[in-house]
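**Student:**
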Amino acid sequence: MAIPISYNIRNLKLRKGLTVMTALGIALTVTTAIFLMALLAGLQRAFVSSGNSNNVLVLRKGSEAELSGGFDASLFPTLKVLPGIAKDSHGEPMVSGEWVVVIVLPRKDGTGEVNVTVRGMMPDGLELRPSAKLIEGRWFQTGQREVVVSKSIRSRFSHANIGDTMEFGKGSWKVVGVFDAGGSAYESEIWCDVNQMSADFDRQGGFSSAYLRATDAIAADALKNRVSDDQRLKLEGVLETDYYAKQTSSGAPIKYIGIVVAIIMAIGSSFAAMNTMYAAVAYRGREIATLRVLGFSRPSILTSFVLESLLLALLGAVAGILLMLPFNGMQTGTSNAVTFSEVVFSLQITPRVALYAIVFALLMGFFGGLFPAWHAARQNILAALRG
Amino acid sequence: MTLGGFVVRNTFRNKRRSLLTMLSISFSLLLLTLMMSIWRTFYIDSGPPDSAKRLITRDRVSLAFFLPAYYRDKIRSVPGVVAVVPMTYFGNVYKDDRSTNSFAQVVTDPDEYPKVAADKIVAPDQLLAWQRDRTGAMVDIELAKKFGWKIGDHLTLQSPYFPVHPEVTIRAIYTIDPPVRSLIFNTKYLEESVDWFKGQAGWYLIQVASPSDVAPVSKAVDEMFHNAPQRTKTESQQAFQLSFVSSLGNVKAFILGICGAVVFAILLVSGNTMAMSIRARTREVAVLKTLGFTRQRVLSMFVGEAISLALAGGILGVLGATLLIRWLTHSPVAIGVPAGMKVTIPTMLASLLVAATVGFISGCLPAYNASRTNIVEGLRHIG
Numbered sequence: 001m002a003i004p005i006s007y008n009i010r011n012l013k014l015r016k017g018l019t020v021m022t023a024l025g026i027a028l029t030v031t032t033a034i035f036l037m038a039l040l041a042g043l044q045r046a047f048v049s050s051g052n053s054n055n056v057l058v059l060r061k062g063s064e065a066e067l068s069g070g071f072d073a074s075l076f077p078t079l080k081v082l083p084g085i086a087k088d089s090h091g092e093p094m095v096s097g098e099w100v101v102v103i104v105l106p107r108k109d110g111t112g113e114v115n116v117t118v119r120g121m122m123p124d125g126l127e128l129r130p131s132a133k134l135i136e137g138r139w140f141q142t143g144q145r146e147v148v149v150s151k152s153i154r155s156r157f158s159h160a161n162i163g164d165t166m167e168f169g170k171g172s173w174k175v176v177g178v179f180d181a182g183g184s185a186y187e188s189e190i191w192c193d194v195n196q197m198s199a200d201f202d203r204q205g206g207f208s209s210a211y212l213r214a215t216d217a218i219a220a221d222a223l224k225n226r227v228s229d230d231q232r233l234k235l236e237g238v239l240e241t242d243y244y245a246k247q248t249s250s251g252a253p254i255k256y257i258g259i260v261v262a263i264i265m266a267i268g269s270s271f272a273a274m275n276t277m278y279a280a281v282a283y284r285g286r287e288i289a290t291l292r293v294l295g296f297s298r299p300s301i302l303t304s305f306v307l308e309s310l311l312l313a314l315l316g317a318v319a320g321i322l323l324m325l326p327f328n329g330m331q332t333g334t335s336n337a338v339t340f341s342e343v344v345f346s347l348q349i350t351p352r353v354a355l356y357a358i359v360f361a362l363l364m365g366f367f368g369g370l371f372p373a374w375h376a377a378r379q380n381i382l383a384a385l386r387g
Numbered sequence: 001m002t003l004g005g006f007v008v009r010n011t012f013r014n015k016r017r018s019l020l021t022m023l024s025i026s027f028s029l030l031l032l033t034l035m036m037s038i039w040r041t042f043y044i045d046s047g048p049p050d051s052a053k054r055l056i057t058r059d060r061v062s063l064a065f066f067l068p069a070y071y072r073d074k075i076r077s078v079p080g081v082v083a084v085v086p087m088t089y090f091g092n093v094y095k096d097d098r099s100t101n102s103f104a105q106v107v108t109d110p111d112e113y114p115k116v117a118a119d120k121i122v123a124p125d126q127l128l129a130w131q132r133d134r135t136g137a138m139v140d141i142e143l144a145k146k147f148g149w150k151i152g153d154h155l156t157l158q159s160p161y162f163p164v165h166p167e168v169t170i171r172a173i174y175t176i177d178p179p180v181r182s183l184i185f186n187t188k189y190l191e192e193s194v195d196w197f198k199g200q201a202g203w204y205l206i207q208v209a210s211p212s213d214v215a216p217v218s219k220a221v222d223e224m225f226h227n228a229p230q231r232t233k234t235e236s237q238q239a240f241q242l243s244f245v246s247s248l249g250n251v252k253a254f255i256l257g258i259c260g261a262v263v264f265a266i267l268l269v270s271g272n273t274m275a276m277s278i279r280a281r282t283r284e285v286a287v288l289k290t291l292g293f294t295r296q297r298v299l300s301m302f303v304g305e306a307i308s309l310a311l312a313g314g315i316l317g318v319l320g321a322t323l324l325i326r327w328l329t330h331s332p333v334a335i336g337v338p339a340g341m342k343v344t345i346p347t348m349l350a351s352l353l354v355a356a357t358v359g360f361i362s363g364c365l366p367a368y369n370a371s372r373t374n375i376v377e378g379l380r381h382i383g
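Protein chains in written order, with our numbering: chain E, 1 to 387; chain W, 1 to 383.
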């Protein structure tokens with residue numbers, strides 16, 4: 001026969017102060033864990049959502065990133081006529097030869113300098129990336145010294161509003177538009193015309209990468225292999241999605257530090273929960289004995305107290321999640337290990353993060369409650385009734 | 001019985017509760033000490049004594065871009081510069097991909113290198129042997145011990161960045177405190193085998209005459225290359241190391257946030273315990289008061305109890321952190337932990353001070369309530 005759960009809820013309510021303090025302690029631990037998981041989830045989202053699975057990225061053979069070297073522009077026409085490439089709005093193959101450089105911009109709040117990626121692209125570059133939406137102004141025009149900046153670049157750096165001029169390369173560039181890349185890796189970039197840009201950085205006659213849009217996923221795979229296998233080209237094709245997924249490794253240090261911190265805090269919180277549950281058991285010695293006399297078995301007493309501890313932990317988890325919710329979407333940046341530029345991402349408290357947080361708290365509650373519950377179930381009935 | 005004895009006896013009368021509280025506090029303080037030590041290593045520690053006179057010039061955008069070789073002589077011409085050597089990171093892989101075997105391998109110019117690394121102590125005959133053998137390498141004594149290397153041993157290196165497998169001979173073994181666990185070999189040897197690397201260097205390590213030269217020299221060097229094909233960034237060795245840290249994001253806020261959460265958690269745990277233990281003793285407090293103990297006396301007794309409990313947890317936590325950090329800095333598993341990281345006496349004292357303060361605050365409110373108990377009601381209390 002099981003003890004009704006309302007018994008536990010009433011008990012938790014009875015010792016409000018104790019319950020609230022213990023739950024808050026667990027909540028703090030959960031908060032830390034959520035913070036770290038949300039960071040990683042945001043980073044993951046920045047990279048995973050960045051690619052289009054139909055896009056094939058072409059790099060120089062042996063180079064792992066767009067920044068490490070480029071290839072000769074004479075190869076570009078060959079790429080353009082490969083089979084399986086989709087047509088753009090003008091009926092031409094949808095391809096874009098691009099140059100990527102990293103420039104250094106001072107942060108708006110004066111806390112130092114940050115590496116920012118500038119991407120020069122052909123007009124098709126915009127069509128290749130439908131996920132990036134213009135939210136203000138207009139796109140850059142071919143042949144003009146104009147740039148469009150991402151929403152986060154505008155908010156993090158000075159001189160990044162429409163009408164402002166930015167200084168890099170060999171002169172000034174006019175900001176004509178702002179785009180929203182929906183939290184992807186493009187959210188940390190500045191876009192402009194490839195010819196204007198390569199001239200500024202003395203890189204004419206080459207591209208650091210090319211983007212090809214395949215008609216469908218199967219064609220993309222074939223296109224990728226065709227580019228890589230062609231001995232004359234000495235190029236390598238990768239699916240854009242794969243390319244960005246690999247960069248998620250930038251979050252590895254945060255992950256390891258996070259795990260260590262979360263474990264240490266969780267152990268501390270388990271002890272605190274244990275303390276509270278031991279106290280609860282001690283206060284209720286006579287009550288437990290009475291329950292036993294009424295016919296409740298040892299296992300049901302054990303279950304009941306473990307349940308109570310789990311309830312306490314759940315309360316803590318919910319409080320922790322609520323405490324962290326205001327920080328959802330908060331932007332931060334870390335250095336991208338592949339592009340050397342800062343990647344901007346936001347804290348993402350996804351349902352999965354919340355679920356993990358609850359499981360994490362329940363684990364603490366379980367370990368914290370097990371020994372006291374065991375103690376409660378094994379009490380001597382007579383002695384407890386007299387005490 | 002003295003007041004102190006009374007406090008200690010009371011602290012440990014519910015052994016399980018005290019133990020659990022202590023353990024809970026100790027884990028929080030372990031984390032706090034760890035965070036403070038990281039903070040100290042990154043932001044306060046000045047590094048090895050000679051590093052105050054060392055500067056690093058690298059590409060302004062990233063260490064991943066090499067600088068031309070001719071920059072070296074231009075840097076040398078800046079007043080205040082005593083020596084300048086090219087440095088390039090060759091890799092950190094040895095034998096296999098296992099991180100336990102990983103250590104830093106860099107190339108430099110052995111002839112001038114001793115001038116910028118005077119804190120690396122090496123026997124003069126070994127140094128000479130290293131400088132004379134183009135394929136020679138100099139290794140940290142800790143590393144030599146770990147792999148059982150001795151002078152004259154041959155090693156084959158590999159790199160994720162250079163498509164070669166150079167074979168080097170150990171010619172010198174150096175000692176430095178704290179250990180840096182690196183292998184250094186000749187940049188010429190690498191240039192001979194890798195065509196495109198000719199005439200390049202990853203960064204330049206500069207030795208200046210006095211610490212006061214650091215700021216003017218770094219400014220002069222960066223200004224000199226302002227209009228050069230590759231602009232540079234020159235900073236002190238410490239700032240250079242710090243830039244790796246700051247690239248991870250807002251580390252300062254991160255550490256502070258964790259410290260805040262930890263301190264608040266201890267406050268809750270400790271306060272909780274004190275509230276529990278004092279409530280259980282309501283009748284005792286009334287008895288004490290009947291016996292003539294003043295309110296102040298009762299108050300100080302309970303606060304003393306809270307402080308001693310928190311301090312006991314604090315001592316445990318600090319010891320734990322010290323052991324953990326010692327293990328981390330000496331363990332081959334933990335890569336990237338600065339070898340100089342340690343828990344210093346001021347850090348320990350700061351941790352204990354935090355513990356005591358938190359204990360004090362957490363004990364105040366319950367103790368105040370207890371000291372105010374009405375004697376008659378307290379005696380009637382059924383606890």
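Heads up, the beta-carbon is just placed ideally off N, CA and C, and yes, glycines get one too. Bear in mind that the values here come from a model prediction, so they are computed numbers and not experimental data.
Can you tell me which of E/Asp-242, E/Asn-195, E/Met-277, E/Tyr-7 puts its alpha carbon nearest to the alpha carbon of E/Ala-65?
**Tutor:** E/Asp-242
**Student:** For W/Leu-311, which residues of its own chain have a beta-carbon under 7 Å away from its beta-carbon, when the five flanking residues on both sides are left out?
**Tutor:** Leu-352, Ala-355, Ala-356, Gly-359
**Student:** Measuring alpha carbon to alpha carbon, tell me which of W/Gly-257, W/Val-221, W/Thr-169 ends up nearest W/Val-139.
**Tutor:** Closest option to W/Val-139, judged by alpha-carbon separation, among W/Gly-257, W/Val-221, W/Thr-169: W/Thr-169.
**Student:** Within 8 Å, do at least three Cβ pairs link the stretch 151-166 of chain W to the stretch 50-61 of chain W?
**Tutor:** no
**Student:** Buried or exposed, going by whether 16 or more other CB atoms sit within 10 Å of the CB of E/Asp-193?
**Tutor:** With 16 or more Cβ atoms within 10 Å of its Cβ, E/Asp-193 is classed as buried.
**Student:** Can you check whether the C-beta of E/Ala-41 is within less than 8 Å of a C-beta belonging to chain W?
**Tutor:** no
**Student:** Give the single residue among W/Met-22, W/Gln-207, W/Ala-69, W/Asp-133 whose Cα lies nearest to the Cα of W/Val-81.
**Tutor:** Taking only the C-alpha atoms, the option nearest W/Val-81 is W/Gln-207.
**Student:** Chain E partners of W/Glu-264, CB-CB under 7 Å?
**Tutor:** With the sequence shown as reference, residue 264 of chain W is identified as Phe, and Glu is not the correct amino acid for it. Correct list: Leu-28.
**Student:** Measure the beta-carbon distance from W/Leu-205 to W/Val-85 and round it to whole angstroms, keeping in mind my assumption that it falls under 8 Å.
**Tutor:** Sure, about 5 Å apart at Cβ, within 8 Å.
**Student:** Whose Cβ in chain W lies nearer than 8 Å to the Cβ of E/Asn-395?
**Tutor:** This structure leaves residue 395 of chain E out entirely; chain E is present only between 1 and 387.
**Student:** Check distances from the C-beta atoms of the stretch 281-297 of chain E to those of chain W and list, in chain order, the residues that come in under 8 Å.
**Tutor:** none
**Student:** Indicate, with yes or no, if the ligand COA has a heavy atom lying under 7 Å from the CB of E/Ser-188.
**Tutor:** No copy of the ligand COA appears in this structure; indeed no ligand is present at all.
**Student:** So who's on the other strand from E/Ala-214, going by DSSP bridges?
**Tutor:** E/Ile-85
**Student:** Quick check on DSSP: helix, strand or coil for E/Pro-77?
**Tutor:** The three-state secondary structure of E/Pro-77, taken from DSSP, is helix.
**Student:** Check whether the Cβ of W/Met-224 lies closer than 8 Å to any Cβ atom in chain E.
**Tutor:** Taking CB atoms only, W/Met-224 has no neighbour in chain E less than 8 Å away.
**Student:** Taking Cβ positions, are W/Ala-306 and W/Thr-373 nearer each other than 8 Å?
**Tutor:** no
**Student:** If I'm right that E/Ala-273 touches E/Gly-125 with Cβ under 8 Å, what's the distance once you round it to whole angstroms?
**Tutor:** Incorrect: roughly 55 Å between the Cβ atoms, too far for contact.
**Student:** Is the Cβ-Cβ distance between W/Ile-266 and W/Phe-302 less than 8 Å?
**Tutor:** no
**Student:** Hey, could you find the ends of the beta strand (DSSP E) E/Gly-237 is sitting in?
**Tutor:** 235-239
**Student:** Looking at E/Ala-384: is its Cβ nearer than 8 Å to the Cβ of E/Ala-289?
**Tutor:** yes
**Student:** State buried or exposed for W/Tyr-43, treating a residue as buried only when at least 16 other CB atoms are found within 10 Å of its CB.
**Tutor:** exposed
**Student:** Against chain E, does W/Ile-375 count as a neighbour if the rule is that its beta carbon must be under 8 Å from one of theirs?
**Tutor:** no
**Student:** Give a yes or no on whether 8 Å exceeds the smallest Cβ distance from W/Ile-315 to chain E.
**Tutor:** no
**Student:** Pop quiz: E/Ile-26 and E/Gly-316 are said to be a contact at Cβ under 8 Å. What is the actual Cβ separation, rounded to whole angstroms?
**Tutor:** 3 Å
**Student:** Is any beta-carbon of chain E found at less than 8 Å from that of W/Phe-12?
**Tutor:** no
**Student:** Which residues of chain W have a Cβ atom closer than 7 Å to the Cβ of E/Val-102, listed in chain order?
**Tutor:** Val-61, Ser-62
**Student:** Flag E/Thr-19 as yes if its beta-carbon sits less than 8 Å from any beta-carbon of chain W, otherwise no.
**Tutor:** no
**Student:** Measuring only between beta-carbons, confirm whether E/Tyr-278 sits less than 8 Å from chain W.
**Tutor:** yes
**Student:** Could you check what DSSP says for W/Pro-166 in three-state terms: helix, strand or coil?
**Tutor:** Correct three-state label for W/Pro-166: coil.
**Student:** With a threshold of 8 Å between beta-carbons, can W/Asn-227 be considered close to chain E, or not?
**Tutor:** No, because no Cβ of chain E sits closer than 8 Å to the Cβ of W/Asn-227.
**Student:** Report the rounded CA-to-CA distance for W/Leu-309 versus W/Leu-30, giving the unit in angstroms.
**Tutor:** 15 Å
**Student:** What does DSSP give as the partner residue(s) for W/Leu-67 in the beta ladder?
**Tutor:** According to DSSP, residue pairing for W/Leu-67 in a beta bridge involves W/Ala-201.
**Student:** Where does E/Gly-97 fall in DSSP's three states?
**Tutor:** In the three-state scheme derived from DSSP, where H, G and I count as helix and E and B as strand, E/Gly-97 is classed as strand.
**Student:** Which residues in chain E have a C-beta closer than 9 Å to the C-beta of W/Leu-21? List them in chain order.
**Tutor:** One point to set straight first is that residue 21 of chain W is Thr, not Leu, in the sequence displayed. In chain order: Phe-271, Ala-272, Asn-275.
**Student:** Drop a sphere of 10 angstroms on the beta-carbon of W/Thr-234, count the other beta-carbons inside from all chains shown, and report buried for 16 or more, exposed for fewer.
**Tutor:** buried
**Student:** To the nearest angstrom, how far is it from the Cα of W/Pro-110 to the Cα of W/Trp-196?
**Tutor:** 21 Å
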